[in-house]
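Below: the structure, in structure tokens.
Following this line, the structure appears as structure tokens:
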């Protein structure tokens with residue numbers, strides 16, 4: 020019974036982690052169709068922002084939830100204005116340029132912080148479950164991931180800003196004719212996606228620690244999740260995260276973490292062979 | 022190229038010769054991506070997966086058998102078969118360009134993690150211990166086929182690697198001039214039209230991908246043989262991005278471009294590696310960005326266009 024509870028917790032945790040690392044990409048790639056290969060580095064920058072702020076005496080929650088998204092959001096807007104703006108509609112060039120950007124970030128962070136692991140202690144301590152104990156922070160993280168999904172859903176569905184963003188992605192010319200400035204909407208949406216990524220990076224920093232090259236561990240998983248999710252970005256990301264998170268955690272529990280990761284990838288390749296347009300290409304059509 | 026190859030060992034010292042050997046091996050790797058991406062239009066970010074597989078296949082077999090001929094053959098076959106398998110899922114699943122890039126990239130990163138975790142005595146193939154992140158040291162180097170005691174010296178190895186480079190270069194040219202090659206280029210230009218003309222697009226792409234995987238495996242074999250060492254770094258993100266940069270800098274849609282890009286960037290990497298002023302990733306990132314934004318066609322096509330005062334072949338673009 021205790022084991023089942025802990026295993027469920029581990030699975031939910033794997034799902035939540037996948038949701039966190041891919042939700043920013045779901046907006047940038049899923050909605051805007053911008054292939055951002057620097058996504059992993061955005062996560063890495065969020066982690067460093069949170070750690071540096073905490074080490075300078077900022078409250079850890081403020082550092083993770085306010086500082087990290089703010090810093091990465093600003094970096095995202097700058098990157099959009101300087102590089103990505105020039106390349107809209109040229110998907111492969113965008114992909115290559117953001118790859119260059121990712122190397123650039125790795126280089127600059129290595130120069131500043133050195134090629135060593137930085138970390139902060141996770142807040143909140145742990146909770147006993149029978150013979151096992153689980154980290155309370157990880158439990159909170161599951162709630163946060165769910166909350167983020169809910170907030171994005173409401174923001175896109177119910178607010179004027181969300182409507183404008185969705186409309187502009189659907190048909191920029193029509194949006195412009197109705198008095199919206201598409202470049203500004205693109206920059207804002209990209210910034211929001213980057214900020215969400217930074218938030219995820221900050222929240223994950225206490226768990227996994229940060230390293231200049233940590234982005235590589237995230238970027239592949241994030242893309243696989245969003246691609247397998249398909250056209251409905253939120254439902255898709257949630258569904259794909261649930262599937263892959265479960266596969267990953269179960270395999271990890273019964274074998275090793277590396278087999279877990281390989282299993283995640285194998286599941287994705289098989290899934291895309293059967294459903295080339297992702298999960299929401301077939302199921303939950305028309306949802307957000 | 023042949024003249025240079027024959028003359029070089031007479032004029033450079035041992036160190037220079039070793040350096041040129043590895044440059045030539047890397048040029049073969051650059052050619053493999055130049056072919057798959059530049060002509061096949063397949064955005065493969067996992068070329069280092071095949072390179073690494075080749076290196077490991079060579080390492081494991083050479084240690085187990087103590088003889089290098091079978092090892093070298095397996096170093097080409099294993100990655101080619103793996104490419105065929107992966108390619109089957111991707112091309113017959115009709116995944117688009119960008120998804121291909123992401124999937125191949127993920128496969129590479131997974132290999133990197135897998136190999137890193139093989140430390141310890143449990144992970145061995147026959148006598149060969151995989152050694153995880155420490156890599157496999159003191160591998161047997163190439164010998165004359167059938168005579169394990171007669172190892173190739175550095176000059177002979179240089180000739181061999183150069184010979185492979187020439188064979189791959191000429192072979193790819195011949196292949197591209199053939200009917201098969203023409204169909205491949207036509208698919209790159211317009212996939213739907215080729216399909217309607219009755220060509221099996223999926224099969225052609227699969228074959229290109231498989232050949233590219235085999236060539237990358239050959240480069241991996243030569244790489245492992247050069248340093249008598251292989252570590253999971255052959256699968257790393259740095260390795261993968263290097264190959265892409267070579268092709269971008271040199272130019273897509275040419276065979277000489279990737280070679281030139283590879284030589285320039287290898288030279289730069291070697292020079293940068295000896296100084297402490299700036300991080301290599303930083304410089305590479307800036308060069309990468311600069312080329313994509315300012316010289317998107319790469320050096321060779323740009324120079325050709327300049328010379329001919331006419332627009333050169335355009336970059337392959339995703340119609341989306």
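Protein chains in written order, with this note's numbering: chain Z, 20 to 307; chain L, 22 to 341.
Quick reminder that beta carbons are idealized off the backbone N, C-alpha and C, glycines included.
Notebook entry, point to check: Taking three-plus beta-carbon pairs below 8 Å as touching, is the stretch 158-175 of chain Z in contact with the stretch 263-278 of chain Z?
Noted result: Verdict: no, contact absent.
Notebook entry, point to check: By how many angstroms is the C-alpha of residue 64 of chain L removed from the C-alpha of residue 118 of chain L?
Noted result: Those two C-alpha atoms are separated by around 6 Å.
Item checked: Per-residue contacts from residue 103 of chain L into chain Z (C-beta, under 8 Å) -> Listed by position along chain Z, the residues whose Cβ is nearer than 8 Å to that of residue 103 of chain L form an empty set, because the closest Cβ is around 13 Å away.
Next item on the list: Closer than 7 Å, Cβ to Cβ, to anything on chain Z: give me those residues from the stretch 270-289 of chain L, in chain order.
Entry: Residues passing the 7 Å Cβ filter: none.
Checklist line | Proximity winner among L:84, L:93, L:61 and L:85, relative to residue 75 of chain L (alpha-carbon distances) | finding: Residue L:93 is the option with its Cα nearest to residue 75 of chain L.
Margin query: Give me the residue from Z:257, Z:223 and Z:28 with the minimum Cα distance to residue 137 of chain Z.
Written below: The closest CA to that of residue 137 of chain Z, considering only Z:257, Z:223 and Z:28, is found on Z:223.
Next item on the list: Take the Cβ of residue 75 of chain Z as the centre, count every other Cβ of all protein chains shown within 10 Å, and call the residue buried at 16 or more, exposed below.
Entry: Burial call: exposed.
Next item on the list: State buried or exposed for residue 216 of chain L, treating a residue as buried only when at least 16 other CB atoms are found within 10 Å of its CB.
Entry: By the neighbour-count criterion, in which 16 or more other beta carbons inside 10 Å mark a residue as buried, residue 216 of chain L falls on the exposed side.
Notebook entry, point to check: Considering only C-alpha positions, which residue in the set L:32, L:55 and L:42 is nearest to residue 282 of chain L?
Noted result: Selected option, being the one with the closest Cα: L:55.
Next item on the list: Measuring alpha carbon to alpha carbon, tell me which of L:225, L:324 and L:69 ends up nearest residue 200 of chain L.
Entry: Nearest Cα to residue 200 of chain L within the set L:225, L:324 and L:69: L:225.
Next item on the list: Classify residue 97 of chain Z as buried or exposed, calling it buried when 16 or more other Cβ atoms lie within 10 Å of its own Cβ.
Entry: Exposed, by the Cβ-count rule.
Next item on the list: Starting from residue 153 of chain Z, follow its DSSP beta bridges and name the residues at the other end.
Entry: Note: residue 153 of chain Z sits in a beta bridge opposite Z:146.
Notebook entry, point to check: So is residue 291 of chain Z buried or exposed if we call it buried at 16+ other beta carbons inside 10 Å?
Noted result: Residue environment: residue 291 of chain Z is assigned as buried (16 or more neighbouring CB atoms within 10 Å of its CB, all protein chains considered).
Margin query: In this structure, how does DSSP classify residue 137 of chain Z when only helix, strand and coil are distinguished?
Written below: In this structure, residue 137 of chain Z counts as strand in the three-state DSSP scheme.
Checklist line | residue 125 of chain Z versus L:232, L:273, L:303 and L:53, residue with shortest Cα-Cα distance | finding: Minimum Cα distance to residue 125 of chain Z is reached at L:303.
Notebook entry, point to check: Among residues of its own chain, excluding the 5 on either side of residue 233 of chain Z, which ones have a beta-carbon nearer than 6 Å to its beta-carbon?
Noted result: Taken in chain order, the residues that qualify are 63.
Check: What are the uninterrupted segments assigned as alpha helix (DSSP H) that are 4 or more residues long and contained completely in the stretch 145-214 of chain L, given in chain order?
Finding: Taking only runs of at least 4 residues, the alpha helix (DSSP H) segments lying wholly in the stretch 145-214 of chain L are 175-198 and 200-210.
Check: Is the CB of residue 323 of chain L under 8 Å away from at least one CB in chain Z?
Finding: Judged by the 8 Å Cβ criterion, residue 323 of chain L is not in contact with chain Z.
Item checked: Whole alpha helix (DSSP H) elements within the stretch 202-289 of chain Z, 4-residue minimum -> Counting only runs of 4 or more, we get 234-248 and 252-273.
Note to self: Beta carbons nearer than 9 Å to chain Z: which residues of the stretch 300-313 of chain L have them?
What the structure shows: The residues in question are 300, 301, 302, 303, 304, 305, 306, 307, 308, 309, 310, 311, 312 and 313.
Note to self: Taking the alpha carbon of residue 102 of chain L as the reference point, which residue from L:148, L:152 and L:233 has its own alpha carbon closest?
What the structure shows: Comparing Cα-Cα distances from residue 102 of chain L to each of L:148, L:152 and L:233, the minimum goes to L:233.
Item checked: Same chain, Cβ closer than 7 Å to residue 154 of chain Z, five either side skipped, listed in chain order -> Close CB contacts of residue 154 of chain Z within its chain, under the 7 Å cut and outside five residues either way in sequence, are with 141 and 145 (chain order).
Check: Using the rule of at least 16 other Cβ atoms within 10 Å of the residue's Cβ for burial, across every protein chain shown, is residue 8 of chain L buried or exposed?
Finding: With chain L covering only 22 through 341, there is no way to say anything about residue 8 of chain L.
Next item on the list: Measure the CB-CB distance between residue 35 of chain L and residue 53 of chain L and report whether it falls below 8 Å.
Entry: For residue 35 of chain L and residue 53 of chain L, no; Cβs fall outside 8 Å.
Note to self: Given this structure, state the Cα-to-Cα distance separating residue 72 of chain L from residue 112 of chain L, to the nearest angstrom.
What the structure shows: Rounded to the nearest whole angstrom, the CA to CA distance from residue 72 of chain L to residue 112 of chain L is 21 Å.
Notebook entry, point to check: To which residues of the same chain is residue 206 of chain Z closer than 8 Å at the C-beta, ignoring the five residues directly before and after it?
Noted result: For residue 206 of chain Z, where only same-chain residues beyond five positions count, the Cβ hits under 8 Å are 96, 99, 100 and 104.
Notebook entry, point to check: Tell me the DSSP bridge mates of residue 251 of chain L?
Noted result: Residue 251 of chain L is bridged to L:157.
Checklist line | Contacts of residue 37 of chain Z in chain L (Cβ-Cβ under 8 Å) | finding: Per Cβ cutoff of 8 Å: no residues; residue 37 of chain Z is ~14 Å from chain L at best.
Margin query: Just to check my reading of the structure: residue 238 of chain L and residue 99 of chain L have Cβ atoms closer than 8 Å, yes? What is that Cβ distance to the nearest angstrom?
Written below: Confirmed, about 7 Å.
Notebook entry, point to check: Rounded to the nearest angstrom, how far is the Cβ of residue 237 of chain Z from that of residue 40 of chain Z, given a contact under 8 Å?
Noted result: So it is a contact: roughly 5 Å between Cβ atoms.
Notebook entry, point to check: For the stretch 62-118 of chain L, which segments carrying the alpha helix (DSSP H) assignment without a break, of at least 4 residues, lie completely within its bounds, in sequence order?
Noted result: The DSSP assignment places 68-86 and 90-113 as complete runs of the alpha helix (DSSP H) inside the stretch 62-118 of chain L, in order along the chain (cut-off: 4 residues).
Next item on the list: Count the other CB atoms, across all protein chains shown, that sit within 10 Å of the CB of residue 106 of chain L; report buried if there are 16 or more and exposed otherwise.
Entry: A residue is called buried when at least 16 other Cβ atoms come within 10 angstroms of its Cβ; residue 106 of chain L does not meet this threshold and is exposed.
Next item on the list: Counting only the same chain and skipping the five closest in sequence on each side, list residues whose C-beta sits under 6 Å from that of residue 68 of chain Z.
Entry: 86, 87 and 90.
Notebook entry, point to check: Could you give the distance in angstroms between the alpha-carbon of residue 219 of chain L and the alpha-carbon of residue 195 of chain L?
Noted result: Their Cα atoms are separated by approximately 24 Å.
Margin query: Cβ closer than 9 Å: which chain Z residues qualify as neighbours of residue 351 of chain L?
Written below: Residue coverage of chain L in this structure runs from 22 to 341, which leaves residue 351 of chain L outside it and unanswerable.
Check: Hey, does residue 298 of chain Z have any beta-carbon neighbour from chain L nearer than 8 Å?
Finding: No Cβ of chain L is located within less than 8 Å of the beta carbon of residue 298 of chain Z.
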